[in-house]
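Participant:
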Amino acid sequence: MNVWFRRLLLILTIGGGFVGVARTIQFFSHVDKVIAYVVLLAFVCLYGYGIFLGVKLSEGPAPPRHLRVYFGLQIPFISSPIVAYRFATAFQTTIAITQSGLGWDVRFLGSEGQFAILSQEPWGVGINVIASAIVFLLYSRLAVVPEDATLEP
Numbered sequence: 141m142n143v144w145f146r147r148l149l150l151i152l153t154i155g156g157g158f159v160g161v162a163r164t165i166q167f168f169s170h171v172d173k174v175i176a177y178v179v180l181l182a183f184v185c186l187y188g189y190g191i192f193l194g195v196k197l198s199e200g201p202a203p204p205r206h207l208r209v210y211f212g213l214q215i216p217f218i219s220s221p222i223v224a225y226r227f228a229t230a231f232q233t234t235i236a237i238t239q240s241g242l243g244w245d246v247r248f249l250g251s252e253g254q255f256a257i258l259s260q261e262p263w264g265v266g267i268n269v270i271a272s273a274i275v276f277l278l279y280s281r282l283a284v285v286p287e288d289a290t291l292e293p
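Quick note, my numbering runs 140 ahead of the 1-based positions in the sequence shown.
What follows is the structure, given as structure tokens:
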């Protein structure tokens with residue numbers, strides 16, 4: 141794996157995971173329904189999974205399939221009165237079509253998780269461009285470890 145791509149993945153998984161856990165835990169004291177606790181716990185587990193993948197990646201080649209799944213979960217942005225979903229760690233650039241038209245959103249050094257059922261969210265759909273690019277790169281030659289490569293610096 142390309143050393144710079146590996147470093148970027150380490151920042152996004154470990155750094156974004158810790159920020160996500162810290163930001164999500166603060167909401168536990170503000171919820172009053174069991175389903176909200178379940179959703180918050182699910183996001184803490186997702187961020188924890190990212191931290192785990194980052195640690196595995198720092199020790200050697202992490203399975204690219206798990207990294208693809210983790211960043212693949214960050215691609216969709218769904219907004220509707222029925223269900224709303226967004227999950228992102230570290231950096232995100234979302235391009236979406238909503239009721240108000242085509243829009244975009246850029247967020248740096250933060251993590252965000254949103255899951256809502258029967259909410260007041262407007263209709264919209266979009267993608268996280270950063271996560272899409274990372275998944276694409278994980279399928280590219282940047283993520284391939286040559287068989288004769290050593291893990292020594």
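Note that CB positions come from ideal geometry on N, CA and C, so glycine has one too.
Going by beta-carbon coordinates alone, are Ser259 and Ala236 separated by less than 8 angstroms?
Facilitator: It is not a contact, given that the beta carbons lie outside the stated cut-off.
Participant: Along the chain, where does the alpha helix (DSSP H) that runs through Ser272 open and close?
Facilitator: 269–279 is the span of the alpha helix (DSSP H), which, as asked, contains Ser272.
Participant: Once the 5 residues before and after Leu197 are set aside, which same chain residues still bring their CB inside 8 angstroms of it?
Facilitator: Arg146, Leu149, Leu150, Thr153, Leu207, listed in sequence order.
Participant: Please name the residue in Thr238, Phe168, Ala228, Met141 whose C-alpha comes closest to that of Pro262.
Facilitator: Checked all of Thr238, Phe168, Ala228, Met141; the closest Cα to Pro262 is Thr238.
Participant: Measuring CA to CA, which of Ile218, Gly243, Phe231 is closest to Ile274?
Facilitator: Taking only the C-alpha atoms, the option nearest Ile274 is Phe231.
Participant: Output the boundary residues of the alpha helix (DSSP H) element that contains Ile215.
Facilitator: Careful: Ile215 lies outside any alpha helix (DSSP H) and carries neither H nor E.
Participant: Could you pull out every unbroken beta strand (DSSP E) segment of at least 3 residues lying fully inside the region 211–267, listed in chain order?
Facilitator: Those beta strand (DSSP E) runs which fall completely within the region 211–267 and span 3+ residues are 216–219, 223–228, 232–238, 241–247, 252–257.
Participant: With distances taken between CB atoms, is the gap from Ile165 to Pro216 smaller than 8 angstroms?
Facilitator: Their beta carbons are not under 8 angstroms apart, which means Ile165 does not touch Pro216 by this criterion.
Participant: Near Ala202, what residues of its chain come up, given a Cβ to Cβ distance below 6 angstroms and the 5 sequence neighbours on each side ignored?
Facilitator: Correct list, in chain order: Leu193, Lys196.
Participant: Which first and last residues belong to the alpha helix (DSSP H) in which Thr164 is found?
Facilitator: Counting along the chain, the alpha helix (DSSP H) containing Thr164 begins and ends at 156–165.
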